[in-house]
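Numbering (our numbering), first residue to last: 3 to 327.
We put the beta carbon where it would ideally sit given N, CA and C, even for glycine.
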Amino acid sequence: MAHGRRALVHCGRHREGTCRTRGESHDAGKAVADGQFRRRRLARTERCRGRRAGAVSDAESTTERRRRVPKAADMLADRLRHQILMDDLQAGTLLLSEPDLVSQLGYSRATVRQALSLLEADGLVYTKRGPNGGIIVSRPDPLHLSRSLALQFTLSDATLRDLFVLRKMTEPRAAAIVAETASAERRADILACATSECDLVGHVRFHGLIAEACDNVLLRALLGALHEVVDWHSADEGLDSDDLARTAHVHRAIATAIADGKADVAEQAMLRHLELFESHLGRRGRLDEPVLPPARWAGVGTARDHERLREAGGRLSILRPKGDN
Numbered sequence: 003m004a005h006g007r008r009a010l011v012h013c014g015r016h017r018e019g020t021c022r023t024r025g026e027s028h029d030a031g032k033a034v035a036d037g038q039f040r041r042r043r044l045a046r047t048e049r050c051r052g053r054r055a056g057a058v059s060d061a062e063s064t065t066e067r068r069r070r071v072p073k074a075a076d077m078l079a080d081r082l083r084h085q086i087l088m089d090d091l092q093a094g095t096l097l098l099s100e101p102d103l104v105s106q107l108g109y110s111r112a113t114v115r116q117a118l119s120l121l122e123a124d125g126l127v128y129t130k131r132g133p134n135g136g137i138i139v140s141r142p143d144p145l146h147l148s149r150s151l152a153l154q155f156t157l158s159d160a161t162l163r164d165l166f167v168l169r170k171m172t173e174p175r176a177a178a179i180v181a182e183t184a185s186a187e188r189r190a191d192i193l194a195c196a197t198s199e200c201d202l203v204g205h206v207r208f209h210g211l212i213a214e215a216c217d218n219v220l221l222r223a224l225l226g227a228l229h230e231v232v233d234w235h236s237a238d239e240g241l242d243s244d245d246l247a248r249t250a251h252v253h254r255a256i257a258t259a260i261a262d263g264k265a266d267v268a269e270q271a272m273l274r275h276l277e278l279f280e281s282h283l284g285r286r287g288r289l290d291e292p293v294l295p296p297a298r299w300a301g302v303g304t305a306r307d308h309e310r311l312r313e314a315g316g317r318l319s320i321l322r323p324k325g326d327n
């Protein structure tokens, strides 16, 4: 019987297809245990990774929430900006004084002052000192946009080549729009400028007049800002009398087409003018120069600022010394 039981057990293993000896059975059991251990260890590792990922995600979410939470001054500036725009307050409208804003809105004086500074940077208000002064509503002018544009040009190392790409995309179309829609008075002003200009200032003003006469409000704003930048850069263009004479001739052709209402002719003439000017600078190897290098910003400031700059050898230190709190 014992032999039969052993045989039965053996036959049972044989049916499983594993027909193992006693040593083999021990090895198989050990392998199963090892596999279970590895699976448990892997599960623990995955749980730990999940907890770490969750912690990182929570930290990132907290950081993002903190980043999104606006300051009190930002919220107040948004509120005031919204009211100025929704109520269509016109330039020259006198707002509440700073103390009145503090008492009525419930913000601290520092917060109100900072919010007003933000609106002043937008060009929406300005502060007038004196007995008849106060916080007065204003309207942004092209100078606000042009300064932001100029800073972006400087910080991004925009080149003259980049500038001409933008000008060729916008100014020819603006000339066509002016030829189609500008008033007779506007056209006459453009023609008068083109026929009387004799220097670089007059040439820059010619392009500015076309921008001002453009009936597309967005194109007008963009070109107004762009020509301020061109004006700042123009001192470095190094045009001689022959260059200025050729430019005056082309400007007269553009102005004549605008005065005659020939949009296609004005558009093509403006494009050709910009292409020739670009080629002129290309022959001088200047297209890869920056539009406004950092050194150009040294021209802004008072006489005392320039005197101090000279005394410092052309550079002023604006960094806080190490160790100062």
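Local Cβ density within 10 Å of residue i, reported as buried at 16 or more and exposed below that
{"i": "Arg81", "result": "exposed"}
{"i": "Glu199", "result": "buried"}
{"i": "Val203", "result": "exposed"}
{"i": "Arg144", "result": "Correcting the residue identity first, residue 144 is Pro in this sequence and not Arg. Pro144 comes out buried."}
{"i": "Arg141", "result": "exposed"}
{"i": "Ala215", "result": "buried"}
{"i": "Trp299", "result": "exposed"}
{"i": "Ser110", "result": "exposed"}
{"i": "Cys13", "result": "For Cys13, the predicted model reports a pLDDT of 40, less than 50, meaning its position is unreliable; a value from the coordinates is still stated below. Exposed, since its Cβ has fewer than 16 Cβ neighbours within 10 Å."}
{"i": "Glu187", "result": "exposed"}
{"i": "Val219", "result": "exposed"}
{"i": "Arg22", "result": "Only weak support exists for where Arg22 lies, its pLDDT of 48 falling under 50; the coordinates are left without a value."}
{"i": "Arg286", "result": "exposed"}
{"i": "His253", "result": "buried"}
{"i": "His205", "result": "buried"}
{"i": "Gly210", "result": "buried"}
{"i": "Ala261", "result": "buried"}
{"i": "Leu278", "result": "exposed"}
{"i": "Arg133", "result": "It is worth fixing the name first, because residue 133 is Pro in this sequence and not Arg. Pro133 comes out exposed."}
{"i": "Pro333", "result": "Residue 333 is absent from the structure shown; the chain starts at 3 and stops at 327."}
{"i": "Leu165", "result": "buried"}
Nearest-angstrom Cβ-Cβ length linking residue i and residue j, presumed shorter than 8 Å
{"i": "Leu273", "j": "Thr156", "result": "Actually they are not in contact, since the Cβ atoms of Leu273 and Thr156 sit about 27 Å apart, beyond 8 Å."}
{"i": "Leu224", "j": "Thr172", "result": "7 Å"}
{"i": "Asp217", "j": "Leu246", "result": "That belief does not hold up - the Cβ atoms of Asp217 and Leu246 are roughly 30 Å apart, past 8 Å."}
{"i": "Phe208", "j": "Ala227", "result": "In fact, because the Cβ distance is near 17 Å, the residues do not count as touching under 8 Å."}
{"i": "Leu87", "j": "Gly136", "result": "Contact doesn't hold; Cβ gap of about 20 Å is too wide."}
{"i": "Leu91", "j": "Ala117", "result": "Wrong, their Cβ atoms sit about 16 Å apart, outside the cutoff."}
{"i": "Arg83", "j": "Leu107", "result": "With a Cβ gap of about 14 Å, Arg83 and Leu107 do not count as contacting."}
Residues that residue i bridges to, as DSSP identifies them
{"i": "Tyr128", "result": "Ile138"}
{"i": "Thr161", "result": "Pro292"}
Local conformation of residue i per DSSP, three classes
{"i": "Asp95", "result": "Reading off the sequence, residue 95 comes out as Thr, not Asp. In this structure, Thr95 counts as coil in the three-state DSSP scheme."}
{"i": "Pro292", "result": "strand"}
{"i": "Gly226", "result": "helix"}
{"i": "Gly204", "result": "helix"}
{"i": "Asp262", "result": "coil"}
{"i": "Pro133", "result": "coil"}
{"i": "Asp233", "result": "helix"}
{"i": "Cys216", "result": "coil"}
{"i": "Asp242", "result": "coil"}
{"i": "Lys73", "result": "coil"}
{"i": "Ala271", "result": "helix"}
{"i": "Asp191", "result": "helix"}
{"i": "Glu199", "result": "coil"}
{"i": "Asp80", "result": "helix"}
{"i": "Asp89", "result": "coil"}
{"i": "Asp102", "result": "helix"}
{"i": "Ala184", "result": "coil"}
{"i": "Gly287", "result": "coil"}
{"i": "Ser148", "result": "helix"}
{"i": "Gly108", "result": "coil"}
{"i": "Gly303", "result": "A caution first: Gly303 carries a pLDDT of 43, below 50, which makes its placement in the model unreliable, though a value can still be read off. Of the three classes helix, strand and coil, the one that applies to Gly303 here is coil, per DSSP."}
Check whether residue i and residue j have beta carbons under 7 Å apart
{"i": "Asp159", "j": "Pro292", "result": "yes"}
{"i": "Ala181", "j": "Ala265", "result": "yes"}
{"i": "Ala259", "j": "Ala271", "result": "yes"}
{"i": "Leu193", "j": "Ala257", "result": "yes"}
{"i": "Val114", "j": "Val104", "result": "yes"}
{"i": "Arg131", "j": "Leu276", "result": "no"}
{"i": "Ala178", "j": "Ala75", "result": "no"}
{"i": "Glu230", "j": "Ser148", "result": "yes"}
{"i": "Ala176", "j": "Ile212", "result": "yes"}
{"i": "His283", "j": "Leu151", "result": "Per the sequence shown, residue 283 should be read as Leu rather than His. No, they are not a contact pair."}
{"i": "Val167", "j": "Thr95", "result": "no"}
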